[in-house]
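As numbered in this note's numbering, residues 37 to 268 make up the sequence shown, in order. Even glycine gets a Cβ: it sits at the ideal position worked out from N, Cα and C.
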Amino acid sequence: MKAVAIILAAGEARRMGHPKALIEHEGGKSFLQSLASTFGKAGAMVLGVVGKDSELVRDQHPGLDLVEAERWQEGPLLAMKAGIEAALESGADVVLLHPVDMPALRASTLKSLLKMVDGAGPDESLRPEFEGAPGWPLVLSRSAAERLRASEGQQVDPALTAMKVRRVPVKDPGVVVNINTPETYERLFGTQPKLAPPPKRRGKRGTGPSTSNVSDLGGSSSPAPMAAASDE
């Protein structure tokens, strides 16, 4: 089974003030680098979807496969479709969709979700939830991914309404922790949002903000709605 993770990083990030893909997460890694590492540990190929500030993101992540969402301004669903098309062309059996501003999920959670979807029906999709709150990633069979790619409109929620999305309870608060505002970042890391250092100057692990306190949010984490994929 070939799993391809699509990290959605095409939006404008107006509230954060910096491209979210470039913001430091831990150990000098950006949000995008941290997520690529996590999905890679779970055995998934990683594709990043970029739009706004795409050249900056490419310069910061020379080792990652990035797909251009040329119509990213028209809505999050079109950015998803750009990634899905690339994933299907690469031969994906399973597609995982995940916003770049949610870098705290665990590889063990992804491994569990991939095992579940491997044994699920051909049209079924999975979505993790933490303490009743819907989270990410959205895990799609190839058939479900093709249906999402063929859907009409520009918004994600209507496109998913007709799909079989099964909610899966998990013990990982990272599936719902959405770091999409400066206030959330400062609450978690104790500093204002800052850019990860360029690749050649990246420091040792532990020199940047740590994710250890993300779990402190626990059940108080705000649900991660589908709108999170807009990467505003």
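With 16 other Cβ atoms within 10 Å as the buried cut-off, status of residue i
{"i": "T197", "result": "exposed"}
{"i": "T227", "result": "exposed"}
{"i": "P209", "result": "buried"}
{"i": "A80", "result": "buried"}
{"i": "G87", "result": "buried"}
{"i": "L231", "result": "exposed"}
{"i": "E62", "result": "buried"}
{"i": "D137", "result": "buried"}
{"i": "A181", "result": "buried"}
{"i": "P98", "result": "exposed"}
{"i": "A186", "result": "exposed"}
{"i": "S66", "result": "buried"}
{"i": "K207", "result": "exposed"}
{"i": "S126", "result": "exposed"}
Contact set for residue i: own chain, Cβ-Cβ below 6 Å, skip 5 residues either direction
{"i": "K77", "result": "A143"}
{"i": "L174", "result": "L133 and R163"}
{"i": "V153", "result": "V130, L162 and V175"}
{"i": "S70", "result": "H61 and P139"}
{"i": "K117", "result": "R185"}
{"i": "S179", "result": "P158 and D159"}
Residue j beta carbon less than 8 Å from that of residue i
{"i": "G64", "j": "P233", "result": "yes"}
{"i": "H54", "j": "P235", "result": "no"}
{"i": "N216", "j": "M52", "result": "yes"}
{"i": "F75", "j": "L184", "result": "no"}
{"i": "A140", "j": "I42", "result": "no"}
{"i": "S161", "j": "V201", "result": "yes"}
{"i": "K56", "j": "A128", "result": "no"}
{"i": "S177", "j": "V130", "result": "yes"}
{"i": "L58", "j": "L92", "result": "yes"}
{"i": "L150", "j": "V204", "result": "no"}
{"i": "P135", "j": "L224", "result": "no"}
{"i": "V40", "j": "L68", "result": "no"}
Three-way DSSP call (helix, strand, coil) for residue i in this model
{"i": "G84", "result": "strand"}
{"i": "K77", "result": "helix"}
{"i": "R94", "result": "helix"}
{"i": "I215", "result": "coil"}
{"i": "A72", "result": "helix"}
{"i": "R241", "result": "Residue placement at R241 cannot be trusted, given a pLDDT of 47 that sits under 50; the coordinates are not used to answer."}
{"i": "P55", "result": "coil"}
{"i": "E160", "result": "strand"}
{"i": "S179", "result": "helix"}
{"i": "A39", "result": "strand"}
{"i": "R107", "result": "coil"}
{"i": "V136", "result": "coil"}
{"i": "K117", "result": "helix"}
{"i": "P173", "result": "coil"}
{"i": "R203", "result": "strand"}
Spatial neighbours of residue i in its chain, beta-carbon cut-off 7 Å, leaving aside the 5 residues before and after
{"i": "A46", "result": "V85, V86, G87, K88, A105, W108, A115 and D267"}
{"i": "E222", "result": "Q228"}
{"i": "A195", "result": "L113, L184, S187 and G189"}
{"i": "E121", "result": "R185"}
Close-in-space but distant-in-sequence residues of the same chain around residue i (CB under 8 Å, 5 per side omitted)
{"i": "E110", "result": "Q190"}
Residue-level contact to chain D via CB, residue i, 8 Å cutoff
{"i": "L231", "result": "The chain labelled as chain D is not found in the depicted structure, where only one protein chain is given."}
Heavy atom of the ligand PLP within 7 Å of residue i beta-carbon
{"i": "G155", "result": "Looking for the ligand PLP in the displayed structure turns up nothing, as the structure carries no ligands at all."}
*Do the stretch 164-172 and the stretch 186-194 touch if we need at least three Cβ pairs shorter than 8 Å?*
With a cut-off of 8 Å, the stretch 186-194 and the stretch 164-172 do not count as touching, because too few Cβ pairs lie within range.
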